[in-house]
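Engineer: If you use this note's numbering, the sequence shown corresponds to residues 25 to 88, in order. Ideal Cβ placement from N, Cα and C applies to all residues, glycine included. Predicted, not measured: the structure shown is a model, and the values here were computed from it.
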Amino acid sequence: MQWHSWAEFWAMGGYGFYVWGSFGATALVIMAEIWQVRAQRRALLRNLLNETNSQDDVHSSSSS
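Have a look at this one:
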């Protein structure tokens, strides 16, 4: 498609609200997914570190 002006491009033949709304919704979902995955990763790493530290405490107290 060719547009003769930027206004026509943004209007998308009268469907601009739906086109740009879908782009916005998709970007929002992708950002939420990235945030959620990063939060899960941080929690997993924190849990692994806590387990490792608690196992070290158990091993050091049982050997004394």
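Excluding the 5 residues preceding and the 5 following methionine 36 in the sequence, name in chain order all residues of the same chain whose CB lies nearer than 7 angstroms to its CB.
Structural biologist: Result list for methionine 36: Val43, in chain order.
Engineer: Would you give the residue range spanned by the alpha helix (DSSP H) that tryptophan 34 belongs to?
Structural biologist: Counting along the chain, the alpha helix (DSSP H) containing tryptophan 34 begins and ends at 30–35.
Engineer: In whole angstroms, what separates the C-alpha of serine 78 from that of alanine 51?
Structural biologist: Their Cα atoms are separated by approximately 40 angstroms.
Engineer: Who are the near neighbours of phenylalanine 33 in its chain, counting only those whose CB is closer than 6 angstroms to its CB and skipping five residues on each side?
Structural biologist: Excluding residues within five positions, the ones whose Cβ falls inside 6 angstroms are Trp27.
Engineer: Please state whether DSSP places glutamine 64 in a helix, a strand or coil.
Structural biologist: Reduced to three states, the DSSP call for glutamine 64 is helix.
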